[in-house]
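Below you'll find the structure, written out as structure tokens, and then a few comments.
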Amino acid sequence: MFCVFFLPDYKSLFIHLFHVALTAVSISVLKIKTMLGLIVTSLVLVAVVILYNALKSMRKCDLLSLGSKIMHKTNTTRLITLFPKSTKCRGVKASNGHTLFVGNPMFVSTLEEVLKLKARDDDVFIATYPKAGTTWMQQLVWLICNDADIETSRKTSIPERSPFLEAVDAPPVLRGIQSVENWPINKQRIIKTHYPFDLLPEEVRTNRKGKIIYVARNPKDLCVSYYFFHKMGNKIFENPGTWSEFLSKFSSGNIEAGSWFDHNLKYWKEFQKDKERIYFVTYESLKKDLKSEVKAISKFLDKELTNQQVQDIIQECSFDTMSKNINPALAKVGRRLGMNFSQFKFMRKGQVGDWKNYFTLNQNIVFDHLYEEKMEGTGLDFLFELE
Ligand code: PPS
Numbered sequence: 017m018f019c020v021f022f023l024p025d026y027k028s029l030f031i032h033l034f035h036v037a038l039t040a041v042s043i044s045v046l047k048i049k050t051m052l053g054l055i056v057t058s059l060v061l062v063a064v065v066i067l068y069n070a071l072k073s074m075r076k077c078d079l080l081s082l083g084s085k086i087m088h089k090t091n092t093t094r095l096i097t098l099f100p101k102s103t104k105c106r107g108v109k110a111s112n113g114h115t116l117f118v119g120n121p122m123f124v125s126t127l128e129e130v131l132k133l134k135a136r137d138d139d140v141f142i143a144t145y146p147k148a149g150t151t152w153m154q155q156l157v158w159l160i161c162n163d164a165d166i167e168t169s170r171k172t173s174i175p176e177r178s179p180f181l182e183a184v185d186a187p188p189v190l191r192g193i194q195s196v197e198n199w200p201i202n203k204q205r206i207i208k209t210h211y212p213f214d215l216l217p218e219e220v221r222t223n224r225k226g227k228i229i230y231v232a233r234n235p236k237d238l239c240v241s242y243y244f245f246h247k248m249g250n251k252i253f254e255n256p257g258t259w260s261e262f263l264s265k266f267s268s269g270n271i272e273a274g275s276w277f278d279h280n281l282k283y284w285k286e287f288q289k290d291k292e293r294i295y296f297v298t299y300e301s302l303k304k305d306l307k308s309e310v311k312a313i314s315k316f317l318d319k320e321l322t323n324q325q326v327q328d329i330i331q332e333c334s335f336d337t338m339s340k341n342i343n344p345a346l347a348k349v350g351r352r353l354g355m356n357f358s359q360f361k362f363m364r365k366g367q368v369g370d371w372k373n374y375f376t377l378n379q380n381i382v383f384d385h386l387y388e389e390k391m392e393g394t395g396l397d398f399l400f401e402l403e
């Protein structure tokens, strides 16, 4: 009887042992899991700290550029959230004491990088107040410097061939400061900038490195063009308001890019001092006689062109040809920056005298007064219409 009592019940013993073993395995698995969990969490934490430090040590402009690349890769095409709309134009003081009138954080992020940029002897800076004919000159100079290579020029957009000094890289549509810095050494840089003379790279201003072509445009047509550009970019620029409101902001200089008068007159003054290195040309004279200007610019840049090449360049840079070839590429850049290209065109009218369709009689009288007051004695004058 006792025997029966103490006879081992193999089945339950086995089950019991199985339970014990299972518990032991579970505990060790759990332990391993906990250990693994701890290791993974620590690794993630370390990675976060490394990433945070890496991001923290990055330049602000590189961060913005990285953001734009991520947004592009993730198909978030518009950069508006990265480059938030300006609420009002501020004066940002650079380390050399000069003030930049700007509303867009992208341009603030590059200010110091531009000042310390290493310039090259063959650099060509195309400097303008916005809407003066920058893109036109970029195309002209690129073709002049590249033996009128129209085939290549048509394959690559202007913003890709000619970087924008104070912008950040937003590949594949826009090349900014990073591209300027890393431009292949065997390729000439044709750099667009809207910066006032005092904010150009130190080496350009004081070491006389590179050449500058300044394009100026009569302020009435320019203001109209700038007004429509603001309307097109109403998601990234300060709201232009009505035409009348915009004209008074433009006249007072309380606007993105600052005072048109200060911008033009400073470059004009520098041009008088250094005609070998600075070329000052107006939009109106390009319109009037493009052939003579193409020849004069080639001479200034020490480039020799055949008559056929001059002819090809003129044809390629006409308003009609550029509208056809350039508009789609610029629309891509614009859309990426959140601009409204469905209602507005970058190549709008390209005329001298279009201002007459917008200025009222009174606005014209007031602006003429201001113009005379600011320009008197400077030796700089503009054509406001072409015969
Ligand atoms: S930007 O955004 O500051 O770079 O603009 P920008 O290129 O300086 O100026 C744009 C105006 O220039 C006109 N444009 C031309 N006019 C005549 N011929 C040619 N080939 C040409 N290319 C550009 C363009 O149409 C803008 O002027 P508006 O008056 O708005 O048409």
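Position one of the sequence shown corresponds to residue 17 (my numbering), numbered consecutively onward.
The C-beta atom is built at its ideal place from N, Cα and C for all residues, glycine as well.
I want to know whether the region 176-192 touches the region 120-131 - three or more CB-CB distances under 8 angstroms.
As far as the Cβ criterion goes, the region 176-192 touches the region 120-131, which means the pair count is three or higher.
I need the straight-line Cα distance from Cys-161 to Arg-351, nearest angstrom please.
About 29 angstroms.
If you run the structure through DSSP and keep just helix, strand and coil, what is Thr-50?
Residue state, collapsed to three classes: helix.
Considering Ala-312, what are the terminal residues of the alpha helix (DSSP H) in which it resides?
Per DSSP, Ala-312 belongs to the alpha helix (DSSP H) from 306-316.
Let me make sure I understand the geometry here. Which of Phe-253, Met-248, Val-157 has the alpha-carbon closest to that of Ile-229?
Among Phe-253, Met-248, Val-157, the Cα nearest to that of Ile-229 is on Val-157.
Less than 8 angstroms between the CB atoms is what I'm expecting for Pro-212 and Gly-274, so what's the real figure, rounded?
Confirmed, Cβ separation roughly 7 angstroms.
By alpha-carbon positions, which one of Glu-176, Gln-288, Tyr-68, Cys-333 ends up nearest to Val-310?
The option with the nearest alpha carbon to Val-310 is Cys-333.
Quick one: residues in its chain with C-beta nearer than 6 angstroms to the C-beta of Leu-133, no 5 flanking neighbours on either side, listed in chain order?
Within the same chain, Leu-133 has close Cβ partners Pro-217.
Three Cβ pairs or more, each shorter than 8 angstroms: is that satisfied between the region 159-176 and the region 340-360?
The region 159-176 vs the region 340-360: in contact.
So which of Ala-164, Phe-335, Ile-201, Gln-194 has the shortest CA-CA distance to Cys-77?
Looking at the Cα atoms, Gln-194 is the closest of the given residues.
Among all the DSSP beta bridges, which residues are the ones paired with Arg-106?
Val-118.
Going by C-alpha distance, which of Phe-266, Lys-289, Lys-236 is nearest Thr-222?
It is Lys-289.
Counting only runs that start and end within the region 174-224, where is the alpha helix (DSSP H) found for 4 or more residues in a row?
Qualifying alpha helix (DSSP H) stretches, in chain order: 174-177, 193-198, 218-221.
Whose C-alpha, out of Ile-43, Lys-319, Leu-79, Ile-207, is nearest the C-alpha of Arg-177?
Out of Ile-43, Lys-319, Leu-79, Ile-207, Ile-207 has the C-alpha closest to the C-alpha of Arg-177.
Alpha carbon to alpha carbon, how far is Glu-389 from Tyr-243?
Cα-Cα distance, rounded: 23 angstroms.
Have a look at Thr-475 and Gly-269 and give me their C-alpha separation to the nearest angstrom.
With the chain covering only 17 through 403, there is no way to say anything about residue 475.
Taking only three categories from DSSP, how would you classify Tyr-374?
It is coil, neither helix nor strand.
How would you write the range of the beta strand (DSSP E) that Ala-450 sits in, first residue to last?
Since the first residue of the chain shown is 17 and the last is 403, residue 450 is not available in this structure.
Beta-carbon within less than 8 angstroms of Leu-402's beta-carbon, same chain only, minus the 5 sequence neighbours each way: which residues are those?
Around Leu-402: Glu-300, Lys-303, Lys-304, Val-368, Gly-369.
Taking 7 angstroms as the line, does the beta carbon of Ala-110 fall inside it for any heavy atom of the ligand PPS?
It does not: the Cβ of Ala-110 is nowhere closer than 7 angstroms to a heavy atom of the ligand PPS.
Is any non-hydrogen atom of the ligand PPS found closer than 7 angstroms to the C-beta of Phe-244, if you look at the structure I gave you?
Checking every heavy atom of the ligand PPS against the Cβ of Phe-244, one is found closer than 7 angstroms.
Assign Ala-148 to one of two classes, buried (16 or more other C-beta atoms within 10 Å of its C-beta) or exposed (fewer than that).
Flag for Ala-148 reads buried.
Between the alpha carbons of Thr-97 and Met-248, how many angstroms are there, rounded?
Only weak support is given to the placement of Thr-97: the predicted model assigns it a pLDDT of 49, under 50, and the value that follows is read from those uncertain coordinates. Between Thr-97 and Met-248, the C-alpha separation is close to 17 angstroms.
Hey, Trp-451 and Val-240 are a contact pair by Cβ (cut 8 angstroms); roughly how many whole angstroms apart?
With the chain running from 17 to 403 in the structure shown, residue 451 is simply not present.
The ligand PPS and Lys-236: does the residue's C-beta get closer than 7 angstroms to at least one heavy atom of that ligand?
No.
Report the rounded CA-to-CA distance for Arg-205 versus Leu-61, giving the unit in angstroms.
The straight-line gap from Cα to Cα measures roughly 43 angstroms.
Where do the ends of the beta strand (DSSP E) carrying Tyr-295 lie?
Its beta strand (DSSP E) spans residues 294-298.
Tell me which residues share the same chain as Phe-30 and place their Cβ nearer than 7 angstroms to its Cβ, disregarding the 5 neighbours each side in the sequence.
Answer for Phe-30: no residue qualifies.
Expressed to the nearest angstrom, what Euclidean distance is found between the alpha-carbon atoms of His-88 and Ile-66?
Roughly 24 angstroms between the two C-alpha positions.
Let me check understanding here. Comparing Cα to Cα, which of Ser-260, Glu-392, Met-338, Gln-359 lies closest to Thr-376?
The residue with the shortest Cα to Cα distance from Thr-376 is Ser-260.
Buried or exposed for Ile-294, going by 16 or more other Cβ atoms inside 10 Å?
With 16 or more other Cβ atoms within 10 Å, it is buried.
Tell me, to the nearest whole angstrom, how far the beta carbon of Val-349 is from that of Val-189; I am working on the premise that it is less than 8 angstroms.
Between Val-189 and Val-349 the Cβ distance is about 5 angstroms, and since that is below 8 angstroms, they are a contact.
Is any heavy atom of the ligand PPS found at a distance shorter than 7 angstroms from the C-beta of Thr-144?
Yes, the Cβ of Thr-144 comes within 7 angstroms of a heavy atom of the ligand PPS.
Have a look at Arg-136, Ala-232, Asp-214, Glu-254 and flag the residue whose alpha-carbon is nearest the alpha-carbon of Val-196.
Of Arg-136, Ala-232, Asp-214, Glu-254, the residue nearest in Cα terms is Arg-136.
Going by C-alpha to C-alpha distance, which of Glu-292, Asp-328, Lys-291 sits closest to Lys-307?
Among Glu-292, Asp-328, Lys-291, the Cα nearest to that of Lys-307 belongs to Asp-328.
Within the continuous beta strand (DSSP E) that includes Thr-144, where are the two ends?
Segment 140-144, the beta strand (DSSP E) holding Thr-144.
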